[in-house]
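Take a look at the structure below.
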Amino acid sequence: MLLLEQLCPIFCDALSDHATALLASPSPPQRKRRRLNPDGKEPTITRSEVWYHDGNVVLQAGLTEFRVHKSVLSSQSGHFRDMFAAKFSNIDLGVKGVQRIILPESADDWLNILLVLYNGFKTHDDLSLSVVRSMLRLEKKYRLEDFRSLAVKALMAEFPRDLGSWEARYIDALTRLPTILPDLHPFEVVNLLYEAGVQSILPVALYSCIEIYQLEEILLGSQRLWDQTLVQMLQAAQARLAIGKERLLIAFMSWLQEHSAYISCHESIIPLPQRKCNDRRSSLIETISSHWRNGRFFVPLRFVASDIPRDKCVDQIIVEIDAFRRRMWDDLPKYFDLPPWKDKSDLAGSSKVPSPQANCL
Numbered sequence: 001m002l003l004l005e006q007l008c009p010i011f012c013d014a015l016s017d018h019a020t021a022l023l024a025s026p027s028p029p030q031r032k033r034r035r036l037n038p039d040g041k042e043p044t045i046t047r048s049e050v051w052y053h054d055g056n057v058v059l060q061a062g063l064t065e066f067r068v069h070k071s072v073l074s075s076q077s078g079h080f081r082d083m084f085a086a087k088f089s090n091i092d093l094g095v096k097g098v099q100r101i102i103l104p105e106s107a108d109d110w111l112n113i114l115l116v117l118y119n120g121f122k123t124h125d126d127l128s129l130s131v132v133r134s135m136l137r138l139e140k141k142y143r144l145e146d147f148r149s150l151a152v153k154a155l156m157a158e159f160p161r162d163l164g165s166w167e168a169r170y171i172d173a174l175t176r177l178p179t180i181l182p183d184l185h186p187f188e189v190v191n192l193l194y195e196a197g198v199q200s201i202l203p204v205a206l207y208s209c210i211e212i213y214q215l216e217e218i219l220l221g222s223q224r225l226w227d228q229t230l231v232q233m234l235q236a237a238q239a240r241l242a243i244g245k246e247r248l249l250i251a252f253m254s255w256l257q258e259h260s261a262y263i264s265c266h267e268s269i270i271p272l273p274q275r276k277c278n279d280r281r282s283s284l285i286e287t288i289s290s291h292w293r294n295g296r297f298f299v300p301l302r303f304v305a306s307d308i309p310r311d312k313c314v315d316q317i318i319v320e321i322d323a324f325r326r327r328m329w330d331d332l333p334k335y336f337d338l339p340p341w342k343d344k345s346d347l348a349g350s351s352k353v354p355s356p357q358a359n360c361l
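Counting from 1, one number per residue, gives the positions in the sequence shown under UniProt numbering.
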């Protein structure tokens, strides 16, 4: 018993010293659990088509790698220029000792960006909506020089801000063909413009939806023609579009009502030539009002009036209607509570799209 009492303090002191040493020593790093595929296997990282064997940096987005050149990234991106100029002690060396950078964005976005960086594009026809979307998504964070203005100009080619360019896109009174962005859907463009804060194109993009789609499609979504998938517009855009359509309809139909007495005369005592003139003008105005009631406010009058016999009276009213339409186009942004056409401040940097006002003009 005496021996146990003598050994206990010595044993306890030794145990305490060993515990202290263990606490003072660095613990081995905990390995993160790797995400496995449903079949239990580790996911495979694949090489992108953008893979240069002489590249000196590897970008990894998701499970896709891109081997590229620091010089190319630095020449167009202020973000990477600053990154490569700094000295980092914790560089991740991946493929054969080449620096690896993990990126949070999707592989599709980075494929689009890198293809533009390396290949460029000769005209806006080379750009798809997917590429434009990637340019607008990444340009601010990575300070991609000129990418925003290039993307906006591509969209402006599809949604021009002058009436003459808009009318040139029609092939008849009911058909307006896109010239670029083959995977274009107007709802997607509106959503993209909202997300990127590009207000200068929104008036035309919103109007194009008024002209093509019924209210049910605007509220519940519309199917893409090429793959039948559903595209839905942002709720904020739906509200702006509905308010704008109501304002435009009131303005156009009010003007028509105010000018109806001058446009049409049905008195039987008028000589036959005069009655023919009035009949033609009445037929013209009825045809135009039919288009306007369906939201087709800016269809070229040469198509709307193609079946109306032309004379001086008809030509005169066409001139007056066309002048009114041009004034309405000039004021189109205000019907959606957006800045005027001359405001191009959103080309240089993103800005928040304000909420529409519910009161009518």
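In this text, a Cβ means the ideal position worked out from N, Cα and C, and glycines have one as well.
Neighbourhood of residue i by C-beta, 6 Å cutoff - its chain only, sequence neighbours within 5 removed
| i | result |
| --- | --- |
| D322 | L301 |
| Y142 | S77, H79 |
| L103 | L59, A61 |
| R81 | S74 |
Spatial neighbours of residue i in its chain, beta-carbon cut-off 7 Å, leaving aside the 5 residues before and after
| i | result |
| --- | --- |
| F303 | Y170, D172, A173 |
| L230 | G221, Q223 |
| V299 | Y170, A173, H291 |
Contact check, residue i vs residue j, beta carbons under 8 Å
| i | j | result |
| --- | --- | --- |
| E211 | R296 | yes |
| K70 | V57 | yes |
| L206 | R240 | yes |
| M328 | A251 | yes |
| D343 | S200 | yes |
| E188 | L129 | yes |
| R161 | V132 | no |
Residue environment, residue i, which counts as buried when at least 16 other CB atoms sit within 10 Å
| i | result |
| --- | --- |
| P333 | buried |
| L215 | exposed |
| I45 | exposed |
| L136 | buried |
| R281 | buried |
| residue 402 | An answer regarding residue 402 cannot be provided, because it is not within the stretch 1 to 361 covered by the chain. |
| S165 | exposed |
| D337 | buried |
| L225 | exposed |
| S254 | exposed |
| P186 | buried |
| A85 | exposed |
| V152 | buried |
| E258 | exposed |
| L138 | buried |
Of the listed residues the options, nearest to residue i (C-alpha basis)
| i | options | result |
| --- | --- | --- |
| N294 | M83, L192, K245 | K245 |
| S48 | L138, S75, L115, P339 | L115 |
| L248 | P43, S283, H291 | H291 |
| G97 | S208, V72, Q235, G55 | G55 |
| P339 | A305, M156, L202 | L202 |
| V190 | T175, R176, F159 | F159 |
| W311 | L138, S283, A196, V152 | The sequence given here places Asp at residue 311; Trp does not occur at that position. Ranking L138, S283, A196, V152 by Cα distance to D311 puts S283 first. |
| Y118 | S130, L73, I101, S128 | L73 |
| M156 | V198, K140, F187 | V198 |
| E320 | L163, Y335, L256, D227 | L256 |
| D146 | L163, E167, G120 | G120 |
Residues of its chain near residue i, where Cβ-Cβ distance is below 8 Å and the 5 sequence neighbours each way are ignored
| i | result |
| --- | --- |
| H53 | R67 |
| T287 | V304, A305, D307, I308 |
| D314 | According to the sequence provided, residue 314 is Val. The question's Asp does not apply to it. Closer than 8 Å at the Cβ level, and outside the excluded window around V314, lie C277, R280, R281, L284, A305, I308. |
| L193 | L155, Q199, I201, L202, A205, V353 |
| I317 | I263, R281, L284, I285 |
Distance cut-off 7 Å: residue i Cβ against heavy atoms of the ligand SAH
| i | result |
| --- | --- |
| K141 | What this structure holds is no ligand at all, so the ligand SAH is not there to describe. |
For this session: For the segment 166 to 173 and the segment 100 to 116, state whether three or more C-beta atom pairs, one from each stretch, are separated by less than 8 Å.
Result: no
Exercise. On the three-pair Cβ rule with 8 Å, is the segment 62 to 73 touching the segment 110 to 120?
Worked result: yes
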